[in-house]
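K.L.:
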Amino acid sequence: MKRETRVFYLLIGPWIAMFLFLNVFPMAYSFYLSLTTFDGIFAPRFKGLVNYVKLISDYRFANSIYNTLRFTFFNVLATLVFSFSIAYLLNRNLKGRGFFRSIFFVPYAVPIIATVFIWKTLFNRESGLINIILALFNPNVAQNFLVDLPTFTLIVMFVWQAGGSMIIFLAGLQNIPKQLVEAADIDGASGFLKLVKIILPLMSPIILYQAVVGIMLSFSVIVQPILLTSSPGAAFTAFLNQQPPLENYFTIIYAFQQCFTNQSFGYGMAVVWMMFIIMLLLTFVFLKIINRLVYYEHE
Amino acid sequence: MSTSRTRVTQSIQQVLLYLFLSVFTVAVLMPLFWLVLSSLKTQQEMVTYPPVFLPVKFQFGNYLLALTKIRYFRYLWNTILLSMIYTVPGMASASIFAYAFARFNVPGKNFLFSIVLVVLMIPPVSVLLPEYVFFAKLKLVGTYNIWLLWGLGANPLFIYLLRQFFSYFPREMEEAAIIDGCSRIGVLFRIFLPLSKPALITVFILSFLWVYGDFMGPVIFLSGQNTTLPVAMANGYVVRNGILLVSVLLSGIVIYIIPVLLIFIFGQKYYIRGLLSSSGMKG
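Protein sequence lines, in the order shown, are assigned to chains C and Y.
Numbered according to my numbering, the first sequence spans residues 1 to 299.
Numbered according to my numbering, the second sequence spans residues 1001 to 1283.
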């Protein structure tokens, strides 16, 4: 072997080892467990595809998938539209642009638990600010958001934290060659035309990337729906036993509860694996459909 | 005529834009403002209807109670310790892996790097359950070793960030050093890392905040006195009859996020640059 190759694998060897240890082995082991019944205490018993067959007729699983897909769709859509619009508005000669950029970016850094309790307080039926503001317009429209509109509440929270994608969109917009936009200006193109014909096509790879990351992130949302409506005083170990509102009961929550509440780790792993498969299929189909609309510069 | 008319339309547009952005600024900052206001209310004021905007009297005692009701500083220390256990080895190994990916031209490299890119897209929470069953089998659950291992395995985002940064360095620089007798790994530690301060600061901030803000990791893997501040707070501010002391909890949260906001304000320049290079763009 060449010396260069030897040194490279010497340096990267620990990474390969850790990748196997932290990713491949856990995945393989969890897949094996999904083919067994395992209560976390006694040795797993091999059962073949029994758990997967059971999944097909499990209405709670089907329901959780429906909830996850619905949440994913609206969450990705709202976050993208919102962060792109703000980036688009900020992408011009504007005094104080840096200031606005920083402000809109702040919520992105707020830790998850702070975010949840802030919005829990804001959406509170009795003392929440949102209802104070709504009451200014019409005292009868006060809503019990956390209970009656749980998915909406969740998405508002994610949109509040969309500053991360805004920054990335903003950088993408600034990388668009000036000549292209100026040429369109000379031809007298309207702002809307420039957006649709030039800016959106050039931005489409970034939008696509953000959408895919958004899909994956939406599938792994678990803390927010549980904590938003958790009853106080539940013992810490019981965090995972809490029931979020039905619409916010996502597949990943179901998987965790199968493991920790029901002690059925085998079935829980089957739920996780099914979730992975659905997530990958969804991403794949999404890419297939959308790829026709995406403009890649090197083509 | 027409130019002055466009100028008028333009300035109207400008005014509307500023108006919108200002309203928006208020809307974005309001939740944080509301957090501070609520943390200063009494338990009674948190549940009254119709709601009150300002507390009758600022309850600074909530903050004292937040610090004493749970062993606040112990959990804060746990959180910081855990962040460092993850961050320090994580930065070392990410630098080495990034250097190998940036500067070696060997078969198999691109394949390995594409694995890094795939792992980068997978949200950590979604693989937490498989990791749990595996770590439980190895009797690692309940220890901070898990974070050490995660650190040593290096976060793919940090490998990616540092690799991008290293790849901008001119090749002549390291060639000259190697002719002068510097080893390949010496190039990393003597030349690359000292020149990579901005990238290293980005990685440090991201890495530290990652663990500091994490909730699910400690919930699954730690328990009791070992856990971190966010988990302890979510559970600790309860009086015997099961009532949550909301404003005390919010006071605890205010103290908890102050370091985050400080790091964020002073490190924002780096933080943003880090995010940008992670999406393959230069800021």
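All residues carry an ideal CB built from backbone N, CA and C; glycine is no exception.
In terms of residues, what are the limits of the alpha helix (DSSP H) holding Gly1224/Y?
P.N.:
Run containing Gly1224/Y: none; DSSP gives neither H nor E here.
K.L.:
Should Met269/C and Val1133/Y be called a contact, given that it needs their Cβ atoms to be closer than 8 Å?
P.N.:
Contact: yes.
K.L.:
With DSSP as the reference, identify every bridge partner of Val1238/Y, one or two as the case may be.
P.N.:
Paired residue(s): Leu1244/Y.
K.L.:
What whole-angstrom Cβ distance do Arg1273/Y and Pro1156/Y have, given they're in contact under 8 Å?
P.N.:
Not a contact, Cβ separation roughly 18 Å.
K.L.:
Counting only Cβ pairs nearer than 9 Å, list the residues of chain C close to Tyr956/Y.
P.N.:
Limits of chain Y in this structure are 1001 at one end and 1283 at the other, which puts residue 956/Y out of reach.
K.L.:
Flag Tyr29/C as yes if its beta-carbon sits less than 8 Å from any beta-carbon of chain Y, otherwise no.
P.N.:
Yes - at least one Cβ of chain Y is within 8 Å of the one on Tyr29/C.
K.L.:
Since Leu122/C meets chain Y, which of its residues come closer than 7 Å, beta carbon to beta carbon?
P.N.:
Pro1031, Trp1034, listed in chain order.
K.L.:
With three or more C-beta pairs closer than 8 Å as the rule, is the region 1120-1133 of chain Y touching the region 215-226 of chain C?
P.N.:
Output reads yes: the region 1120-1133 of chain Y touches the region 215-226 of chain C.
K.L.:
May I have a chain-ordered list of the alpha helix (DSSP H) segments no shorter than 4 residues that lie completely inside the region 24-111 of chain C?
P.N.:
The region 24-111 of chain C contains these whole alpha helix (DSSP H) runs: 25-34, 50-56, 59-90, 97-105.
K.L.:
Just how far apart, CA to CA, sit Val1141/Y and Gly1217/Y?
P.N.:
If you take the alpha carbons of Val1141/Y and Gly1217/Y, they lie about 11 Å apart.
K.L.:
Looking at chain Y, is there any beta carbon in it that lies within less than 8 Å of the beta carbon of Met18/C?
P.N.:
Yes - at least one Cβ of chain Y is within 8 Å of the one on Met18/C.
K.L.:
Given this structure, state the Cα-to-Cα distance separating Asn1083/Y from Phe46/C, to the nearest angstrom.
P.N.:
Per the sequence presented here, residue 1083/Y reads as Ser, with Asn not at that position. Straight-line Cα distance between these residues: approximately 39 Å.
K.L.:
Is the beta carbon of Val181/C sitting closer than 8 Å to the one on Lys197/C?
P.N.:
No, Cβ-Cβ distance for Val181/C and Lys197/C is not below 8 Å.
K.L.:
In the structure shown, what three-state DSSP assignment does Glu1175/Y receive?
P.N.:
In the structure shown, Glu1175/Y sits in a helix (DSSP, three-state: H, G or I).
K.L.:
Compare the Cα-Cα distances from Ile41/C to each of Pro14/C, Gln263/C, Arg292/C and report the closest residue.
P.N.:
The shortest Cα separation from Ile41/C among Pro14/C, Gln263/C, Arg292/C belongs to Gln263/C.
K.L.:
Residue ranges of each alpha helix (DSSP H) run of no fewer than 4 residues wholly in the region 1120-1202 of chain Y, ordered along the chain?
P.N.:
You should have 1128-1137, 1145-1153, 1156-1166, 1171-1179.
K.L.:
Hey, which unbroken runs of the beta strand (DSSP E) at 3 residues or more fall wholly within the region 235-298 of chain C?
P.N.:
Counting whole runs of 3 or more residues, the region 235-298 of chain C contains no beta strand (DSSP E) stretch at all.
K.L.:
Determine which residues of the region 42-60 of chain C have a Cβ less than 8 Å from any Cβ of chain Y, and write them out in chain order.
P.N.:
Of all residues in the region 42-60 of chain C, none has a Cβ within less than 8 Å of some Cβ in chain Y.
K.L.:
Helix, strand or coil: how does DSSP classify Ile1070/Y here?
P.N.:
Of the three classes helix, strand and coil, the one that applies to Ile1070/Y here is coil, per DSSP.
K.L.:
Could you list the residues in the region 217-230 of chain C with a C-beta less than 7 Å from some C-beta on chain Y, going in chain order?
P.N.:
Per Cβ criterion, the list reads Leu217, Phe219, Ser220, Ile222, Val223, Leu227.
K.L.:
Are any of the Cβ atoms in chain Y nearer than 8 Å to that of Ala114/C?
P.N.:
Yes - at least one Cβ of chain Y is within 8 Å of the one on Ala114/C.
K.L.:
Mind checking if Leu134/C is an interface residue toward chain Y, Cβ cutoff 8 Å exclusive?
P.N.:
Not closer than 8 Å to any Cβ of chain Y, the Cβ of Leu134/C fails to qualify, so no.
K.L.:
In whole angstroms, give me the CA-to-CA distance for Arg1007/Y and Trp1034/Y.
P.N.:
So the two alpha carbons sit approximately 40 Å from each other.
K.L.:
Are the C-beta atoms of Val1203/Y and some chain C residue less than 8 Å apart?
P.N.:
Cβ-Cβ to chain C under 8 Å: no for Val1203/Y.
K.L.:
Select from the region 1142-1172 of chain Y all residues with a C-beta closer than 9 Å to any C-beta belonging to chain C, and list them in chain order.
P.N.:
Here the close residues are Leu1149, Trp1150, Leu1152, Gly1153, Ala1154, Ile1159.
K.L.:
Out of Met18/C, Tyr52/C, Ile65/C, Ile112/C, which one is the CA nearest neighbour of Ile1257/Y?
P.N.:
Out of Met18/C, Tyr52/C, Ile65/C, Ile112/C, Ile112/C has the C-alpha closest to the C-alpha of Ile1257/Y.
K.L.:
Relative to chain Y, which residues along the region 255-272 of chain C have a C-beta separation below 8 Å, given in chain order?
P.N.:
Against chain Y - using a Cβ distance shorter than 8 Å - the residues of the region 255-272 of chain C are Ala255, Phe256, Cys259, Phe265, Gly268, Met269, Val272.
K.L.:
So that I know if they touch, is there some Cβ in chain C lying closer than 8 Å to that of Leu1222/Y?
P.N.:
By this cut-off, Leu1222/Y is not an interface position.
K.L.:
At a CB-CB cut-off below 8 Å, which residues of chain C make contact with Ala1199/Y?
P.N.:
None at all; the shortest Cβ gap to chain C is about 16 Å.
K.L.:
If you draw a straight line from the C-alpha of Arg3/C to the C-alpha of Asn1105/Y, how long is it?
P.N.:
Using only the alpha carbons, I get a separation of about 11 Å.
K.L.:
How big is the Cα-Cα spacing for Leu1112/Y and Ala189/C?
P.N.:
Taking the straight line joining both Cα atoms gives about 46 Å.
K.L.:
Measuring only between beta-carbons, confirm whether Arg1184/Y sits less than 8 Å from chain C.
P.N.:
It does; some Cβ of chain C falls within 8 Å.
K.L.:
Threshold first: 4 residues or longer. Then list the alpha helix (DSSP H) segments lying entirely within the region 121-197 of chain C, N to C.
P.N.:
Runs found: 129-137, 145-148, 150-160, 163-174, 178-186, 191-194.
K.L.:
In this structure, how does DSSP classify Leu1040/Y when only helix, strand and coil are distinguished?
P.N.:
In the structure shown, Leu1040/Y sits in coil (DSSP, three-state: anything other than H, G, I, E or B).
K.L.:
Relative to the C-alpha of Pro1050/Y, which residue among Asn131/C, Ser165/C, Leu293/C is closest?
P.N.:
If we check each option's Cα against that of Pro1050/Y, Asn131/C comes out closest.
K.L.:
Please state whether DSSP places Ser1095/Y in a helix, a strand or coil.
P.N.:
Correct three-state label for Ser1095/Y: helix.
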